[in-house]
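Since the structure comes first, as structure tokens, the remarks are kept for the end.
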Amino acid sequence: MDRIRIVGGNHLEGRIPISGAKNAALPLMIASLLTDDTLTLENVPHLADVEQLIRILGNHGVDYSVNGRRESQNEGYSRTINFTARNIVDTTAPYELVSKMRASFWVIGPLLARMGEAKVSLPGGCAIGTRPVDLFIEGLQALGADIDVDSGYILSKAKNRLRGNRYVFPKVSVGATHVLMMAATLARGETVLENAAREPEVVNLAECLIAMGAKIDGAGTSTITIEGVDALSGARHRVIPDRIETGTYAMAVAMAGGDVLLEGARADLLQGALDVLAQTGTEIIPVNSGIRVRRNGSGISPVDVTTEPFPGFPTDLQAQFMGLMTMAKGKSRITETIFENRFMHVQELARLGAHITLAGQTAIVEGVSKLKGAPVMATDLRASVSLVIAGLAAEGETVVNRVYHLDRGFERLEEKLSGCGATIERLSS
Ligand code: UD1
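With the numbering used here as the guide, the letters of the sequence shown map in order to residues 139 to 567.
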């Protein structure tokens with residue numbers, strides 16, 4: 139298994155190109171199941187999760203081709219990919235494939251809407267809490283689907299098309315919003331989704347569906363209205379820049395110190411997190427080509443945060459922010475409200491010398507003046523990268539084990555950071 143070796147202490151100076159967002163690319167790729175035409179997606183990041191979803195879609199009969207040569211380095215190596223679901227050959231998404239990545243469960247929406255049936259294994263994914271699928275089931279039932287759960291599979295049917303309806307999410311869910319919005323595009327009549335997720339990835343998906351001929355209003359607000367159509371066509375659509383990658387590198391600069399241009403980043407996609415970073419004493423300067431992040435000399439001020447659905451502070455940046463707070467000048471409280479088991483990075487950060495105590499869903503971080511490198515273990519995608527960030531600021535050598543988690547979500551991480559002066563390398567085994 140590959141490892142990442144970091145020797146901490148260098149300031150970061152230079153540019154980091156921000157890739158296309160993994161969490162936008164995945165639902166967009168799944169939307170290709172809704173039409174027999176070609177959906178062309180630009181700026182698709184080169185990540186293990188994307189490759190895995192290509193395999194899953196291939197199993198349903200989706201052909202894909204990568205357009206031309208790779209884009210310039212400034213684009214962060216993301217690619218343009220054509221997806222064509224001319225013939226859906228299989229409406230089953232098997233356990234062996236779905237268990238590797240939770241988002242692949244989302245094929246249930248388009249398959250059910252277009253084919254009238256889908257058999258999808260209950261999902262796997264990061265080990266961050268129980269992550270049930272009750273909202274998907276309830277929401278699809280509201281659209282008229284018959285659903286049974288049998289031997290680890292969800293069997294869903296809609297013989298005479300799905301029917302538009304009003305559905306109020308009892309809890310905000312990004313995935314269930316994606317799925318119900320996709321399913322409703324081909325339903326009969328109007329669907330109104332209330333308490334819908336407002337994440338930028340939902341907006342990006344809605345814009346793509348609209349380009350494919352869907353009638354959708356209100357994406358980005360908590361009420362989304364969808365008027366079903368008979369069929370969707372192909373389209374060409376661009377994946378938004380990754381706001382989690384942006385926030386992660388911004389926190390790396392805040393922690394290690396330095397001055398870095400995050401090329402292609404969009405401040406409007408993570409304003410909540412950038413505001414928090416500014417309170418820590420980091421300079422955040424939006425410029426035409428992206429966001430410039432700078433921290434020179436001054437110490438890191440402690441800031442309390444609570445994770446929330448968009449536009450609040452994202453749970454996907456919680457681990458990285460905790461990494462930053464381990465070296466703040468004082469005490470901070472970090473409260474996780476989205477997932478119940480997302481503090482696995484705490485004990486690994488402690489191995490580097492961090493002082494963190496847990497009280498239920500809140501971590502109390504007592505800043506220390508220095509961290510010391512050590513071997514650590516990555517436990518999930520965002521936790522892994524928080525260890526990388528901490529390693530960049532720690533004295534001496536940190537080796538992050540089990541980096542396959544990082545490859546799921548961060549394109550060319552070592553290359554991007556070493557390009558800014560970090561001492562970081564991949565040790566293959
Ligand atoms: C997506 C993101 C993930 C991010 C999360 C929250 C992708 C591929 N993943 O995950 O990186 O951390 O949003 O911003 O986009 N829930 C239920 N029942 C359900 C569905 C969800 O109780 O049927 C709960 C979950 O357990 C969790 C909360 O709702 O506590 C939010 O989860 P959700 O927004 O659905 O996360 P994902 O879409 O899986």
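Where a beta carbon is used, it is the ideal one built from N, C-alpha and C, also for glycine.
Item	Value
Whole beta strand (DSSP E) elements within the region 276-303, 3-residue minimum	284-288 and 291-295
Burial state of Lys554, where buried means 16 or more other Cβ atoms lie within 10 Å	buried
Heavy atom of the ligand FAD within 8 Å of Lys238 beta-carbon	This structure lacks the ligand FAD; the ligands present are the ligand UD1.
Proximity test, Lys160 beta-carbon vs the ligand UD1 heavy atom, cut-off 8 Å	yes
Per-residue DSSP class, three states only, for Ser566	coil
Leu260 at chain B interface by Cβ criterion, 9 Å	Among the chains in the structure shown there is no chain B, since it carries only a single protein chain.
Check: Asp140 C-beta below 8 Å from any heavy atom of the ligand UD1	no
Simplified DSSP state of Asp368, which is helix, strand or coil	coil
Closest by C-alpha distance to Ala619, when choosing among Met319, Ile168 and Met389	This structure does not reach residue 619, given that the chain is present from 139 up to 567, and the question cannot be answered.
Check whether Ile156 and Ala403 have beta carbons under 9 Å apart	yes
Contact test: Gly468 Cβ vs the ligand UD1 heavy atom, cutoff 8 Å	no
Gly410: CB within 8 Å of a non-hydrogen atom of the ligand UD1	no
Cβ-Cβ distance between Ala159 and Glu345 below 9 Å	no
Straight-line Cα distance separating Leu544 from Thr495	25 Å
Thr230 CB to nearest heavy atom of the ligand UD1 below 8 Å	no
Residues near Arg143 in its chain [Cβ-Cβ closer than 6 Å; skip 5 each side]	Val537, Glu563 and Leu565
Through-space distance from Arg471 to Gly290, alpha-carbon basis	39 Å
Neighbour-count burial assignment, Gln417, 16 or more Cβ in a 10 Å radius	exposed
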